[in-house]
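Start counting the sequence shown at 1; every next residue gets the next number (full-length UniProt numbering). The beta-carbon is built from N, C-alpha and C at its ideal position, and this holds for glycine as well.
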Amino acid sequence: MTLDRGLRDRIAVLRFVMIFGVIMLHTPQYVPMAEIGNGWFDATKAFFQLAVFRATVPVLTVISGFLLFGAALDRAPARLFSKKARTILLPFLCFNLPLVPLALGAQMAAGIEMSAQLWPFEPMAWLNAAFGLTASPINYPLNFLRDLLVLILLAPAFGWLLRNYAWPGLVLVSVVFLKNYDGVLVLRDIMAVLFYVGGMAAVRGWNLRLLDRFAMPCFLLFLLACAAIVHFRVANTTYLRLVAPFLIWPATAWLAASRFGPCLAGMSKYSFFMFLAHAPLLLLTWILYGRYGSALPYPLYWIMAPLLVTAVLVVVYRIAETLMPRLFPLLIGAGSRGPRMAAVADPVPVVDAPRAGAKI
Numbered sequence: 001m002t003l004d005r006g007l008r009d010r011i012a013v014l015r016f017v018m019i020f021g022v023i024m025l026h027t028p029q030y031v032p033m034a035e036i037g038n039g040w041f042d043a044t045k046a047f048f049q050l051a052v053f054r055a056t057v058p059v060l061t062v063i064s065g066f067l068l069f070g071a072a073l074d075r076a077p078a079r080l081f082s083k084k085a086r087t088i089l090l091p092f093l094c095f096n097l098p099l100v101p102l103a104l105g106a107q108m109a110a111g112i113e114m115s116a117q118l119w120p121f122e123p124m125a126w127l128n129a130a131f132g133l134t135a136s137p138i139n140y141p142l143n144f145l146r147d148l149l150v151l152i153l154l155a156p157a158f159g160w161l162l163r164n165y166a167w168p169g170l171v172l173v174s175v176v177f178l179k180n181y182d183g184v185l186v187l188r189d190i191m192a193v194l195f196y197v198g199g200m201a202a203v204r205g206w207n208l209r210l211l212d213r214f215a216m217p218c219f220l221l222f223l224l225a226c227a228a229i230v231h232f233r234v235a236n237t238t239y240l241r242l243v244a245p246f247l248i249w250p251a252t253a254w255l256a257a258s259r260f261g262p263c264l265a266g267m268s269k270y271s272f273f274m275f276l277a278h279a280p281l282l283l284l285t286w287i288l289y290g291r292y293g294s295a296l297p298y299p300l301y302w303i304m305a306p307l308l309v310t311a312v313l314v315v316v317y318r319i320a321e322t323l324m325p326r327l328f329p330l331l332i333g334a335g336s337r338g339p340r341m342a343a344v345a346d347p348v349p350v351v352d353a354p355r356a357g358a359k360i
């Protein structure tokens with residue numbers, strides 16, 4: 001089937017919005033559901049961080065599965081694995097491994113606490129920090145890429161199920177991963193199910209515009225569910241994350257067609273770099289805020305930090321592609337196509353978006 005310009009624009013818009021949502025999701029300080037306060041800001045912060053933007057990974061995972069299986073890359077494993085080693089594994093290593101010695105220095109010299117403690121030395125802690133073997137890597141947002149790499153390895157098996165026993169395959173994948181029979185193979189078990197569902201949408205030829213006329217009710221239902229989760233202090237958001245992609249996707253029809261649509265779609269080329277690099281920058285803003293930001297109310301920091309990080313990374317991207325026209329595309333997995341083409345052809349964490357006019 002052909003992915004027309006309208007659908008490509010919707011994916012581009014959604015990609016940037018979701019990545020910005022990831023940055024806001026990771027903006028310090030994390031407060032678990034059971035500990036949120038009773039003030040209006042506490043509720044607002046929880047609404048976005050513990051509910052709305054919990055949909056970012058599910059949405060991106062479904063689109064990733066749709067585009068990969070729609071391109072039939074699962075039927076060419078050697079090509080698939082070679083391509084993803086360049087476009088996903090290499091950026092993962094480039095934006096994670098250099099942070100390991102930096103994190104060690106920060107912990108030993110400045111006493112900065114992190115989720116991954118590298119000192120005293122413990123081999124498994126270092127393996128996880130460097131490669132995400134059984135837990136999140138030191139650049140913790142990249143656990144998405146870590147799980148995505150595992151799903152790409154499983155893609156040929158998923159593809160066989162999708163083309164022969166699609167619905168029984170969905171039951172099998174759901175049982176294996178949601179019941180955690182896979183152990184630490186996929187850290188976010190819900191990703192496997194949604195990756196498979198995205199593949200079903202492609203292989204079975206689902207009508208991606210079917211719910212467009214219900215865009216407003218779907219999106220309002222999503223927001224209402226998020227508000228209910230915060231109001232009733234629901235810590236387990238599995239069900240919300242399972243249905244979120246189907247409630248959010250229809251809204252992209254009017255968002256892409258709005259006056260903001262072209263601007264958001266144009267920002268899509270920055271999304272993967274933003275995803276790769278935002279965590280260390282967010283940590284830096286938090287350290288600086290803790291030391292010098294006493295005059296700045298925390299709500300302002302929480303609003304300003306993701307905007308500042310996004311702006312800085314866009315500027316860094318533009319400088320890097322000018323000063324390092326050959327090296328920078330390699331670092332972000334774009335290869336010889338350059339960053340602009342990578343935004344269309346490999347918009348990781350959405351994988352394998354086809355080029356303009358390409359058939360999938």
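{"Query": "Report the CB separation of asparagine 236 from leucine 187 in whole angstroms; it is logged as a contact under 8 Å.", "Result": "Going by Cβ atoms, the distance from asparagine 236 to leucine 187 rounds to 17 Å, so no, they are not a contact pair."}
{"Query": "Given this structure, state the Cα-to-Cα distance separating leucine 127 from serine 136, to the nearest angstrom.", "Result": "10 Å"}
{"Query": "For phenylalanine 214, does the count of other Cβ atoms within 10 angstroms reach 16, so buried, or fall short, so exposed?", "Result": "exposed"}
{"Query": "Please report the Cβ distance between phenylalanine 16 and leucine 264, rounded to the nearest whole angstrom; I am assuming they are in contact, meaning their Cβ atoms lie under 8 Å.", "Result": "5 Å"}
{"Query": "How is leucine 300 classed by DSSP in three states: helix, strand or coil?", "Result": "helix"}
{"Query": "With DSSP run on the structure shown, which of helix, strand or coil describes methionine 24?", "Result": "helix"}
{"Query": "How would you write the range of the alpha helix (DSSP H) that alanine 286 sits in, first residue to last?", "Result": "Correcting the residue type first, residue 286 is tryptophan in the shown sequence and not alanine. Per DSSP, tryptophan 286 belongs to the alpha helix (DSSP H) from 271–292."}
{"Query": "Under 8 Å, with one C-beta from each stretch per pair, do the stretch 284–291 and the stretch 243–257 reach the 3-pair mark?", "Result": "no"}
{"Query": "Use the C-beta contact count for tyrosine 301: other C-beta atoms within 10 angstroms, 16 or more gives buried, fewer gives exposed.", "Result": "buried"}
{"Query": "Does arginine 288 pass the burial test, meaning 16 or more other C-beta atoms within 10 Å, or should it be called exposed?", "Result": "Reading the sequence as shown, one finds leucine at residue 288 and not arginine. Exposed."}
{"Query": "CB-CB under 7 Å to alanine 277, same chain, minus the five flanking residues each way: which ones, in chain order?", "Result": "Phe95, Leu313"}
{"Query": "Just tell me which of Arg54, Phe260, Pro77 has its CA closest to the CA of aspartate 9.", "Result": "Phe260"}
{"Query": "Specify, as a first and last residue, the run of the alpha helix (DSSP H) that methionine 200 falls within.", "Result": "189–203"}
{"Query": "Can you list, in chain order, the residues of its chain whose CB lies under 6 Å from that of leucine 133, leaving out five sequence neighbours each side?", "Result": "Leu127"}
{"Query": "In this structure, how does DSSP classify serine 82 when only helix, strand and coil are distinguished?", "Result": "helix"}
{"Query": "Note the first and the last residue of the continuous alpha helix (DSSP H) segment covering isoleucine 229.", "Result": "215–231"}
{"Query": "Can you check whether the CB of valine 59 is closer than 8 Å to the CB of methionine 24?", "Result": "no"}
{"Query": "Starting from the Cα of alanine 201, find the closest Cα among Arg163, Ile303, Asp42, Gln49 and give me that residue.", "Result": "Arg163"}
{"Query": "Count the other CB atoms within 10 Å of the CB of phenylalanine 66; is the residue buried (16 or more) or exposed (fewer)?", "Result": "buried"}
{"Query": "Considering methionine 324, what are the terminal residues of the alpha helix (DSSP H) in which it resides?", "Result": "Per DSSP, methionine 324 belongs to no alpha helix (DSSP H) and is neither H nor E."}
{"Query": "Taking the beta carbon of asparagine 139 as the centre, do at least 16 other beta carbons fall within 10 Å, making it buried, or is it exposed?", "Result": "buried"}
{"Query": "Give me, in chain order, the residues of the same chain whose beta-carbon lies closer than 8 Å to that of leucine 75; leave out the 5 immediate sequence neighbours on both sides.", "Result": "It is arginine, not leucine, that sits at residue 75 in the sequence shown. The residues are Pro156, Gly159."}
{"Query": "What residues in its chain sit with their C-beta under 6 Å from that of proline 306, if we drop five residues either side in the sequence?", "Result": "Ile23, Met24, Thr27"}
{"Query": "Do you know offhand how far arginine 241's Cα is from alanine 55's?", "Result": "5 Å"}
{"Query": "Quick check: what's the CA-CA separation for glycine 290 versus tryptophan 254?", "Result": "40 Å"}
{"Query": "Once you ignore the five residues that flank tryptophan 119 on each side, which residues in its own chain have a CB closer than 8 Å to its CB?", "Result": "Leu104, Gln107, Met108"}
{"Query": "Sorted by chain position, which residues of the same chain lie with C-beta nearer than 8 Å to leucine 73's C-beta, five sequence neighbours on each side aside?", "Result": "Arg79, Leu80, Lys83, Ala155, Asp352"}
{"Query": "When the Cα atoms are used, what is the spatial distance from phenylalanine 20 to glutamine 117?", "Result": "27 Å"}
{"Query": "Leaving out five residues on either side along the sequence, give the residues of the same chain with a beta carbon under 6 Å from the beta carbon of methionine 33.", "Result": "Leu50, Arg233, Ala235"}
{"Query": "By the 10 Å Cβ neighbour count, where 16 or more other Cβ atoms means buried, how is leucine 14 classified, buried or exposed?", "Result": "buried"}
{"Query": "Pull up the distance between the alpha-carbon of alanine 345 and that of leucine 99, whole angstroms please.", "Result": "With a pLDDT of 38 at alanine 345, under the threshold of 50, the modelled position of that residue is not reliable, and no figure is offered here."}
{"Query": "Please tell me whether glycine 333 and isoleucine 88 are closer than 8 Å, where the distance is taken between their beta carbons.", "Result": "yes"}
{"Query": "On the CB-based measure, 16 or more other CB atoms within 10 Å of its CB, does proline 141 come out buried or exposed?", "Result": "buried"}
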